[in-house]
Structure formats: structure tokens, C-alpha cells
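Engineer: To convert, take the position in the sequence shown, counting from 1, and add 614; that gives this note's numbering. Sending over a structure as C-alpha cells; questions will come in a sec.
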Amino acid sequence: MAEVIYRADSPYGQTKQYSFYLDVLTPRRIPPKRDDVLHTLTQVHQYRPDLLAFDLYKNSNLWWVFSSRNPNAFEDPIWDFRQGKRFFIPKLEVIESALGI
């Protein structure tokens with residue numbers, strides 16, 4: 615069976631693959647920085663981290679970086695993405711450096 619190649623912006627980019635299955639997720643960490651912006655989620659992006667990622671980074675595939683950067687804020691990266699939630703948003707340069715993009 616052919617190996618799937620995940621994109622550099624995928625949350626599965628560091629997870630090992632075997633002939634018939636993908637191993638347990640190896641989390642990709644986004645390091646906290648002093649200049650991360652504290653953001654309060656509005657209804658426009660409620661339950662849609664992909665839309666916020668596109669609005670901020672022009673890449674909806676980076677939807678998962680919010681939960682990676684704020685693991686205590688998001689147990690579920692979709693359903694915990696609710697209006698009024700406060701969390702830190704990393705800058706694109708930090709994400710690119712962490713992911714090797």
C-alpha cells in the first residue's frame with residue numbers, strides 16, 4: 615500500500631504511518647511567544663476555526679493551530695470554538711517556523 619504524504623500544514627505531518635494504518639497522532643506544537651495576540655472569539659467564527667485560519671493566514675488548513683497553541687482552552691477543536699472564548703493567536707511567522715513551511 616502506498617504511503618500518504620501529508621502536507622507541511624497538516625496536523626498529521628509528524629505522525630508515523632504503517633502499511634495499513636496511521637499511528638496515534640503525534641501532536642505538532644506551536645510554541646507560545648510574548649507577542650501572541652489575545653483574541654475573543656465572535657459569532658462569525660463560532661465552530662469554524664477553518665474560517666478564522668483563512669481570515670488570519672489565508673490558509674484554512676491551519677485550523678488546528680489554535681487548539682495546538684491553546685491546549686487548555688480547547689478540548690475539542692471544533693465544538694469548543696464558541697463565541698466569547700478567549701485564546702492566544704500565534705503570528706504566521708511563528709507557525710511557519712514551527713512547521714517548516
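No residue lacks a Cβ here, since even glycine has one placed at the ideal position from N, Cα and C.
1) Which partner residues of residue 668 appear in the DSSP bridge assignment?
2) Can you tell me which of the three DSSP states residue 618 falls into?
3) Skipping 5 residues on each side, what residues in its chain have a beta carbon closer than 8 Å to that of residue 627?
4) Figure out for me which residue from 693, 625 and 666 has the closest Cα to the Cα of residue 653.
5) Tell me whether residue 636 is buried or exposed, calling it buried when 16 or more other Cβ atoms sit within 10 Å of its Cβ.
6) In terms of residues, what are the limits of the alpha helix (DSSP H) holding residue 706?
7) Alpha carbon to alpha carbon, how far is residue 688 from residue 633? Give it in angstroms, no decimals.
Structural biologist: Judging by the given coordinates:
1) Position 54 of the sequence shown holds residue 668. BP columns for residue 668 are empty, so no partner.
2) Residue numbering aside, residue 618 sits at position 4 when the sequence shown is read from its first letter. Note: residue 618 maps to coil in three-state DSSP.
3) Start at 1 with the first residue of the sequence shown, and residue 627 comes out as number 13. Counting only Cβ-Cβ distances below 8 Å, and skipping sequence neighbours, we find 620, 621, 642 and 713.
4) By one-based count along the sequence shown, residue 653 stands at place 39. Taking only the C-alpha atoms, the option nearest residue 653 is 666.
5) On the sequence shown, residue 636 is found 22 positions in, with the first residue counted as 1. Residue 636 comes out exposed.
6) For the purposes of this step, residue 706 is identified with residue 92 of the sequence shown, where counting begins at 1. From DSSP, the alpha helix (DSSP H) with residue 706 extends over 706-713.
7) As a first step, residue 633 is located in the sequence shown; it is residue number 19 there, counting from the start. As a first step, residue 688 is located in the sequence shown; it is residue number 74 there, counting from the start. Answer to the nearest angstrom: the Cα atoms are 32 Å apart.
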